[in-house]
């Protein structure tokens with residue numbers, strides 16, 4: 001162990017196995033203020049988040065968030081890929097809500113193309129269905145990991161139990177458990193399988209029973225409430241000053257939800273409530289997420305009814321210069337273009353073959369301009385700013401990720417509280433570092 005004297009403090013560099021020397025050196029130090037790094041390799045920082053905490057005893061006097069440990073360069077990489085290929089990148093940002101990433105980006109591209117009104121109704125219904133399924137799976141992880149960090153392991157195990165059912169449905173519908181690239185400019189990659197309605201209905205009925213377990217386990221649990229109530233407090237004025245959205249904002253009683261305030265994908269035609277709470281604390285955010293899953297089930301039921309009426313309807317715009325991929329099917333060698341499409345481009349029309357080749361290798365052109373589209377993700381306002389120079393690749397794509405914005409609340413929620421309460425505050429923010437760093 002080495003000790004150095006600075007102008008106003010002594011700095012100790014501890015290399016391990018020398019705690020006795022450290023405690024002896026600190027005996028005569030009156031100021032007990034120390035700086036501790038929590039994370040980025042810490043099981044309770046909700047991912048690779050580094051928290052720099054200044055402590056006086058067990059009280060946090062200053063808290064700062066250190067980010068950038070999961071930087072992937074997704075936005076820059078998209079400038080070197082076609083507009084359709086961009087969906088394969090954005091889906092990997094906030095990896096707990098990939099469908100929302102894809103939808104925000106795709107709505108921006110469709111706005112630039114001017115084809116928003118041409119997107120088939122069935123595609124919008126399927127988008128809504130999958131977004132609400134994704135909202136449930138994301139909230140389940142928020143509650144499960146938050147429970148684990150508090151020591152409520154039963155909450156964690158049942159949370160991941162239900163999330164597995166969500167991922168099974170995603171795999172059934174899109175082919176993948178996550179990173180789907182299913183939402184495409186002009187519609188969706190392919191229609192849902194035949195027995196989708198039956199399987200999703202079965203899931204909804206099971207979830208109605210399972211969600212009651214969370215309420216019974218947590219809502220009135222005195223230990224659970226004791227750890228969450230009045231912890232991570234942030235009122236409406238603070239949320240508005242920092243630009244916070246999602247459950248954090250709605251826990252102040254302010255009913256701001258973009259599905260109602262600025263509807264997209266036909267949300268204005270669905271009947272659901274915007275859930276709010278009035279405690280401004282971690283407990284209110286937990287109750288909001290739990291209640292929002294019930295509302296998501298309501299929306300999914302309405303989407304399934306519409307899906308039944310749209311059997312056989314198209315799921316991609318009619319413009320063949322934009323619609324890609326072509327009709328897909330599953331064969332003995334896996335999924336690929338349907339035999340009818342291959343027969344058409346290889347044996348019937350040279351123009352169709354040339355068009356298919358150009359669309360796949362080069363992509364379609366998007367008129368020059370810029371567009372901003374915002375949607376309500378599980379964590380708040382997810383915005384996509386999409387810029388085109390008239391080419392086949394994005395000139396620039398930038399996302400307003402709610403996890404990034406909401407992390408600003410780390411210090412104001414934590415300072416003045418105990419070290420143990422920092423964990424609760426971060427869990428109530430529910431940041432996903434893939435979305436923060438991008």
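Residue numbers (UniProt numbering): 1 to 438. Glycine included, every Cβ here is placed at the ideal spot set by N, Cα and C.
Grab me the residues of residue 381's own chain with a C-beta within less than 7 Å of its C-beta, minus the 5 sequence neighbours each way, in chain order.
-> Within the same chain, 245, 258, 374, 400 and 402 come within 7 Å of residue 381 by CB-CB distance, once the 5 residues on both sides are set aside.
Simplified DSSP assignment, three categories, for residue 50 = strand
Environment of residue 223 [buried if 16+ CB atoms lie within 10 Å] | exposed
Considering only the beta carbon of each residue, do residue 281 and residue 232 sit closer than 7 Å?
-> Taking 7 Å as the Cβ cut-off, residue 281 and residue 232 qualify as a contacting pair.
Looking at C-alpha atoms only, which residue of 127, 395 and 195 is the closest neighbour of residue 509?
-> With the chain covering only 1 through 438, there is no way to say anything about residue 509.
Return the chain-ordered ranges of every alpha helix (DSSP H) run that is complete within the segment 268-320 and spans a minimum of 4 residues.
-> The segment 268-320 contains these whole alpha helix (DSSP H) runs: 282-309.
Based on the DSSP secondary-structure assignment, which residues constitute the bridge partners of residue 38?
-> According to DSSP, residue 38 bridges with 51.
Is DSSP giving residue 372 helix, strand or coil here?
-> strand
Taking C-alpha atoms, which residue in 54, 228 and 419 lies nearest to residue 34?
-> 54
So, helix, strand or coil for residue 418, using DSSP?
-> Of the three classes helix, strand and coil, the one that applies to residue 418 here is strand, per DSSP.
Could you please give the first and the last residue of the uninterrupted alpha helix (DSSP H) stretch that includes residue 127?
-> 121-150
Return yes when the Cβ of residue 426 is within less than 7 Å of the Cβ of residue 46, no when it is not.
-> yes
Continuous beta strand (DSSP E) stretch holding residue 386: start and end | 380-388 is the extent of the beta strand (DSSP E) around residue 386.
When burial is assigned at 16 or more other CB atoms within 10 Å of the CB, is residue 300 buried or exposed?
-> Result: buried.
So residue 397 packs on residue 105, CB below 8 Å; how close in whole Å?
-> Residue 397 to residue 105, Cβ: 7 Å. Contact.
Would a C-beta distance cut-off of 7 Å place residue 74 and residue 89 closer than the cut-off?
-> yes
For residue 236 and residue 152, the rounded distance between their alpha carbons = 29 Å
Local conformation of residue 252 per DSSP, three classes | Note: residue 252 maps to coil in three-state DSSP.
Are at least three pairs of beta-carbons, each pair with one atom in the segment 143-150 and one in the segment 167-176, less than 8 Å apart?
-> no
Going by beta carbon distance, what residues of the same chain come within less than 6 Å of residue 118, once the five residues before and after it are set aside?
-> 317
Residue 315 versus residue 154: straight-line alpha-carbon distance, rounded | 41 Å
Would you check if the segment 301-309 and the segment 192-204 touch, i.e. whether three or more CB-CB distances between them fall below 8 Å?
-> yes
Taking the C-alpha atoms as reference points, what is the distance between residue 289 and residue 376?
-> For the pair residue 289 and residue 376, the Cα-to-Cα distance works out to about 13 Å.
If I'm right that residue 239 touches residue 249 with Cβ under 8 Å, what's the distance once you round it to whole angstroms?
-> Approximately 5 Å separates the beta-carbon atoms of residue 239 and residue 249; this is inside 8 Å, confirming the contact.
Could you check how far apart the C-beta atoms of residue 188 and residue 127 are, in whole angstroms? I think they sit under 8 Å.
-> Separation of the CB atoms of residue 188 and residue 127 is rounded to 7 Å, and the pair is thereby assigned contact status at 8 Å.
Name the DSSP beta bridge partners of residue 59, please?
-> 56 and 418
Buried or exposed: where does residue 349 fall if 16 or more other Cβ atoms within 10 Å of its Cβ makes it buried?
-> Exposed: under 16 other Cβ atoms inside 10 Å.
Give a yes or no on whether the minimum CB-CB distance between residue 383 and chain E is below 7 Å.
-> Reference to chain E is not applicable here, since this structure consists of a single protein chain.
Would you check if the distance between the CB atom of residue 183 and the CB atom of residue 61 is smaller than 7 Å?
-> Against a cut-off of 7 Å, the Cβ pair of residue 61 and residue 183 comes out as no contact.
Give the secondary structure of residue 322 by DSSP, where H, G and I count as helix, E and B as strand, and everything else as coil.
-> In the structure shown, residue 322 falls within a coil segment according to DSSP collapsed to helix, strand and coil.
Have a look at 92, 292 and 124 and flag the residue whose alpha-carbon is nearest the alpha-carbon of residue 437.
-> 92
Excluding the five sequence neighbours on either side, which residues of its own chain have a C-beta within less than 8 Å of the C-beta of residue 291, listed in chain order?
-> 275
Count the other CB atoms, across all protein chains shown, that sit within 10 Å of the CB of residue 157; report buried if there are 16 or more and exposed otherwise.
-> By the Cβ neighbour-count rule, residue 157 is exposed, with fewer than 16 other Cβ atoms within 10 Å of its own.
beta-carbon residue 140 near the ligand FMN non-hydrogen atom, thresh 6 Å = For the ligand FMN, the structure offers nothing, since it holds no ligand at all.
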